[in-house]
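Let me begin by presenting the structure, written as structure tokens, before commenting on it.
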């Protein structure tokens, strides 16, 4: 199983998932549900080196993951991704390399086309949405209206954001903290 982290992020996002995936018996599961887990760092993130050339887009990273898995000796695998990792896992699925059995996304981009513009514009809820759809619309409007400006920055000025987060530990810490405060569960494991 390949697990791909988000942005900004690192393989450490999956630290709490390693045990249950590799030793499910210890967590109340069955031995046959165990996986070997591969958690690479996206090139330029976390523990990886800064790429020496441009072009490390999601398609290229997905191809690299397939090469990595096969170099490690696996003939069949699955891929999971969240945040930017979901874009990479989606690219992997579109490439459909031999041996990829499936993907799991924790941030799928599934907004109906006709709702993208009004959500991004902060427009009122369109008529005819169900109660669940209305809740989703409000949630997405809040997210894009308050929390997604960094996405615009990454699209228009990726190097500015990249250099800032790579060069300044306090900027990276602040960015990750704000991201986690905006709806993601934060847990801390203190070793004594």
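Numbering (this note's numbering), first residue to last: 14 to 205. By construction, the Cβ of each residue, glycine as well, lies at the ideal position given by its N, Cα and C atoms.
* **Entirely enclosed alpha helix (DSSP H) segments - the region 85-161, minimum 4 residues** => You should have 97-108, 126-134 and 144-155.
* Which runs of the alpha helix (DSSP H), 4 residues or longer, sit entirely within the region 49-84? -> Given a length threshold of 4 residues, each whole run of the alpha helix (DSSP H) inside the region 49-84 is given here in chain order: 71-84.
* Which residue or residues does DSSP assign as beta-bridge partners of residue 16? -> Looking at the DSSP output, residue 16 sits in a beta bridge with 93.
* Asked: Touching or not, the region 18-29 and the region 87-96, by the rule of three or more beta carbon pairs under 8 Å?
  -> Because the criterion of three Cβ pairs below 8 Å is met, the region 18-29 and the region 87-96 touch.
* To do: Look at the alpha carbon of residue 48 and the alpha carbon of residue 90, and state the distance between them as a whole number of angstroms.
  => Rounded to whole angstroms, residue 48 to residue 90 spans 9 Å at the Cα level.
* Asked: For the candidate residues 66, 137 and 101, whose alpha-carbon lies nearest to that of residue 54?
  -> Checking every option, the nearest Cα to that of residue 54 belongs to 101.
* Asked: Since residue 177 is in the alpha helix (DSSP H), which residue starts that stretch and which ends it?
  -> Element bounds for residue 177: 171-180.
* Asked: By Cβ distance, which residues of its chain are closer than 7 Å to residue 133, with the 5 residues on each side in sequence left out?
  -> Contacts found: 157.
* Can residue 187 be considered in contact with the ligand MN, in the sense that its beta carbon sits closer than 7 Å to one or more heavy atoms? -> Here there are no bound small molecules, and the ligand MN is not part of this structure.
* Where do the N-terminal and C-terminal ends of the alpha helix (DSSP H) with residue 33 fall, by residue? -> For residue 33, the uninterrupted alpha helix (DSSP H) segment begins and ends at 28-35.
* **Close beta carbons around residue 120, own chain, < 7 Å, minus the five adjacent residues each side** => So the list reads 95, 96 and 99, once near-sequence residues are dropped.
* Using the C-alpha atoms, what's the distance from residue 24 back to residue 150? -> Note on geometry: alpha-carbon atoms of residue 150 and residue 24 lie some 31 Å from one another.
* **Assigned exposure category for residue 28 - 16 Cβ within 10 Å defines buried** => Residue 28 sits exposed, since fewer than 16 C-beta atoms from the chains shown fall within 10 Å of its C-beta.
* Meets three-Cβ-pair contact criterion under 8 Å: the region 75-88 and the region 111-130 -> Touching, yes, given that three or more Cβ pairs across the two stretches are closer than 8 Å.
* Asked: Which of the three DSSP states, helix, strand or coil, is assigned to residue 47?
  -> Looking at residue 47 - three-state DSSP - the assignment turns out to be coil, as it is neither helix nor strand.
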